[in-house]
C-alpha cells in the first residue's frame, strides 16, 4: 500500500471514528419522536415491550428526529442498548425488514449474541453498504473481539475488500493496532 493510500485510510478512520463517537452520544436525543415500543426497549420494560409486540406494534416504525440524521427502529434501539431479549423478540415476529442493514450497526457494538441472532434469522454477514463497508470491517474497527469471532465463525469473508480503496478488515485491525483481532483474522484465512 503506498503512502497516499495509507494517509487516506487513516483519515477515513479518524473521520468515521469521530462520527460514531458523536452519534453514539446523540442517538437517543430525540426520543419524543419514538414509538411506545422503542420507549419500552429503551426503558428496559420487558413486560410493556412484550405486551406491545403481542398487540402487533409496528416493529418497522422509523423514528426520524428533526435535529439529527438518525433514523431508528425498535431493533436499532435494542442493538444500542445491548438488549438481547428485545432483539430476540423483535426477530421472532418475522416482521423485521432488511435484516442485513442491521449487521453493520450490531457489529460496531460488543454483543456477539445480537450478531448471532441476526444471522440465525437470515442476515448475511458478507453484505456490504454501497460504499463497500461491511460488518467484518465494522467489527475490526469498533466491535469487540467476540463480535469479530462470531462473524468469522459464520463465514464472513476475511478477504473481502472495498473496490474504491482495497480496504479490508485486516488492514483496519492493523491500523487500529489490535493484534488480537489481526491474529484472529489471519487464523481465519485473511491474506496480507
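In UniProt numbering, the protein residues as written are 1 to 192.
Don't be surprised by glycine CBs; every beta carbon is placed ideally from N, CA and C.
Fill in: Whole-Å CB distance - residue 89 paired with residue 50, under 8 Å assumed
7 Å
Practice prompt. Decide if residue 189 is buried, meaning its Cβ has at least 16 other Cβ atoms within 10 Å, or exposed.
Written response: exposed
Worksheet entry | Backbone secondary structure at residue 25 - three-state DSSP | Bear in mind that a pLDDT of 47 at residue 25, under 50, signals an unreliable position, so the model cannot answer this.
Practice prompt. Using the Cα positions of residue 174 and residue 128, report the straight-line distance between them to the nearest angstrom.
Written response: 20 Å
Worksheet entry | residue 167 and residue 132 closer than 9 Å at C-beta | yes
Worksheet entry | Buried versus exposed, by CB contacts within 10 Å (16 or more), residue 76 | buried
Discussion item. Among the candidates 130, 30, 96 and 91, whose CA atom is the shortest distance from the CA of residue 113?
Written reply: 91
Practice prompt. Figure out for me which residue from 32, 27, 162 and 120 has the closest Cα to the Cα of residue 150.
Written response: 120
Item to complete: Would you tell me roughly how many angstroms separate the C-alpha atoms of residue 192 and residue 38, rounded to the nearest one?
Response: 43 Å
Practice prompt. Quick one: which unbroken alpha helix (DSSP H) runs of 4-plus residues sit fully inside the UniProt repeat "ANK" (131-163)? Chain order, please.
Written response: 135-141 and 145-153
Worksheet item: Under a three-way DSSP split, which group does residue 213 fall into?
Response: What is shown of the chain runs 1 to 192, which leaves residue 213 out entirely.
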